[in-house]
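**Student:**
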Amino acid sequence: MGYIEVFARTEVGCARERNEDAFLVLHLGQGQSGIRPEQRLCELSPPGTLMAICDGMGGAAAGDVASRMAIEAIEKTARAQGVSSPDDAERMLLAAVTEANRSIGEFTRRHPDKRGMGTTFTAVVAMATELVIAQVGDSRAYLKRGRMLQQLTMDQNVVGQMIAAGKLRPEDARNFKQRNVLLEAIGVQERVGPDVVRVRIRAGDVLMLCSDGLTGPLTDHQVLDHMLRHEDPVRCCRALTEAACSAGGPDNVTVGLMRFVGGDLPVPQGQEMIEFERRSALA
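Under the numbering used here, think of the first position of the sequence shown as 798, with each following residue one higher.
#1: Who are the Cβ neighbours of Leu1021 in its own chain at under 6 Å, not counting the five residues just before and after it?
#2: Could you pull the start and end residues of the beta strand (DSSP E) that Asp1022 belongs to?
#3: Have a look at Arg912 and Gly934 and give me their C-alpha separation to the nearest angstrom.
#4: Going residue by residue through the segment 832 to 861, where are the continuous beta strand (DSSP E) segments of at least 3 residues, counting only ones entirely within it?
#5: Where does Val985 land, buried or exposed, given buried means 16+ other C-beta within 10 angstroms?
#6: If I measure Cβ to Cβ from Gly1013 and keep anything under 7 Å in the same chain, skipping five residues before and after, which residues do I get?
#7: When DSSP builds the beta bridges, which residues end up paired with Ala920?
#8: Considering only the beta carbon of each residue, do Thr916 and Ala875 sit closer than 8 Å?
#9: Helix, strand or coil: which one does DSSP assign to Cys1034?
#10: Note down the Cα distance separating Cys1034 from Arg1026, rounded to an integer number of angstroms.
#11: Can you check which of these residues, Asp992, Asp1002, Pro1063, Ser881, is closest to Ala920 by C-alpha distance?
#12: With DSSP as the reference, please indicate the residues paired to Ala805 in a beta bridge.
#13: Can Glu817 and Asp884 be called in contact, C-beta distance under 8 Å?
#14: What residue range is occupied by the uninterrupted alpha helix (DSSP H) comprising Asp885?
#15: Hey, out of Thr926, Val922, Asp910, Ala863, whose CA is closest to Glu896's CA?
#16: With which residues is Ala1041 paired in a DSSP beta bridge?
#17: By the DSSP assignment, the alpha helix (DSSP H) with Leu1004 in it spans what residues?
#18: May I ask you to report which of helix, strand or coil DSSP gives Ala875?
#19: What are the boundary residues of the beta strand (DSSP E) that Met945 is part of?
#20: For Gln878, which residues of its own chain have a beta-carbon under 7 Å away from its beta-carbon, when the five flanking residues on both sides are left out?
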C-alpha cells in the first residue's frame, strides 16, 4: 500500500501586514481536514487526499477574504461530490473552481467596495498512483523525483504566456516588470479557464504546491537544494518558508508538500524523467 506524508505551512513574510494566503489539507476518506501529527500520514488508496493553496489579491479589496472563500468552496465541493477515480477527481476540482468563482463574484456584487478582490487556485487530489491538479493563476505545482525538480503548472500571467510563446527566457522572467500581472484569477471574471495537470507518481516523489511568495525570492535551484536537504515534509516546509523570509520575504509565502512512500508504488528506473499531461479546461 502507498502512503502520503503531508504537511503545509504559511507565513505572512516581511513586508505585508496580513496574510492573504490560505491552504487546505482534506483527507477525503475520513472527511477530516488538518495537519495535526496524527493526520500527517495517510493512505493513497481512493478517494485519496486533497491539498489546495490560494493566494488572495486585492489588498484593501480583501484578498484574504477571497482566498478564504475559495478554500471554503473547495472543501464544500469535495465533501459534496464523491471521488473514486482520477476522472472523478478532475470533475470535482473543476466544479470547485466554478463554485469558488461564483461565490466570490456574488460577494463582490453585494459589496461593491470589495470589487477587484480575487485569488489564485491550485489544488491536487492524490490517489493510488496518480495526481490530478487544477490551477488558476500563478500558484505553482512542482514534482521532485530524485535530484530533479519539474514545474508541472504554467503560470497564468503575462510572463508565463511569453515563456510559452518563446518570447521570454525563463531565466529572464524574474526581472520582468509585469511578472505579477495575472491573466486568470478566481472571482474576477464570469468564466475562468483553469489548467488541468495529470501525472503518475513513483516511490519517493515529492509534490510541492506553493504561492509566489516562495518562487519570487527563491530560484528553483534554491528550492531543490532545500528539498534535497530536508526529506521530512514538516522540516522542509519550515526550511522553505524561512528561506523565503530570509531572502526578503516580500510577499506572503505558503508551501504544501506531499511525499509518496510505500511498497506498492512503482520505483523510478534510474534517472526516470517526469512525464505529465497539461491542458486547458473551462469552468
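Cβ coordinates follow ideal geometry from the N, Cα and C atoms, glycine included. Quantities reported herein were computed from a predicted structural model and do not represent experimental measurements.
**Tutor:** This is what the structure holds:
#1: The residues Leu946, in chain order, have a CB closer than 6 Å to that of Leu1021 in the same chain once the five nearest residues on each side in sequence are set aside.
#2: Segment 1017 to 1026 is the alpha helix (DSSP H) holding Asp1022; no beta strand (DSSP E) there.
#3: Roughly 18 Å between the two C-alpha positions.
#4: Whole beta strand (DSSP E) segments, 3+ residues: 838 to 840, 846 to 854.
#5: Buried is the call here.
#6: The answer, listed in chain order, is Pro1047, Asp1048.
#7: Partner(s): Ala849, Ala931.
#8: Cβ atoms of Thr916 and Ala875: not closer than 8 Å.
#9: Shown here, Cys1034 sits in a helix according to DSSP, grouped into three states.
#10: Separation of Cys1034 and Arg1026 (C-alpha to C-alpha, rounded to the nearest whole angstrom) is 12 Å.
#11: Relative to Ala920, the option among Asp992, Asp1002, Pro1063, Ser881 whose CA is nearest is Asp992.
#12: The partner list for Ala805 (beta bridge, DSSP) reads Gly1053.
#13: The beta carbons of Glu817 and Asp884 sit no closer together than 8 Å.
#14: Note, Asp885: alpha helix (DSSP H), 883 to 907.
#15: Glu896 has its Cα closest to that of Ala863, out of Thr926, Val922, Asp910, Ala863.
#16: DSSP links Ala1041 through a beta bridge to no other residue.
#17: Careful: Leu1004 lies outside any alpha helix (DSSP H), inside the beta strand (DSSP E) at 1003 to 1007.
#18: Ala875: helix per DSSP, three-state reduction.
#19: Element bounds for Met945: 945 to 948.
#20: For Gln878, where only same-chain residues beyond five positions count, the Cβ hits under 7 Å are Met889, Ala892.
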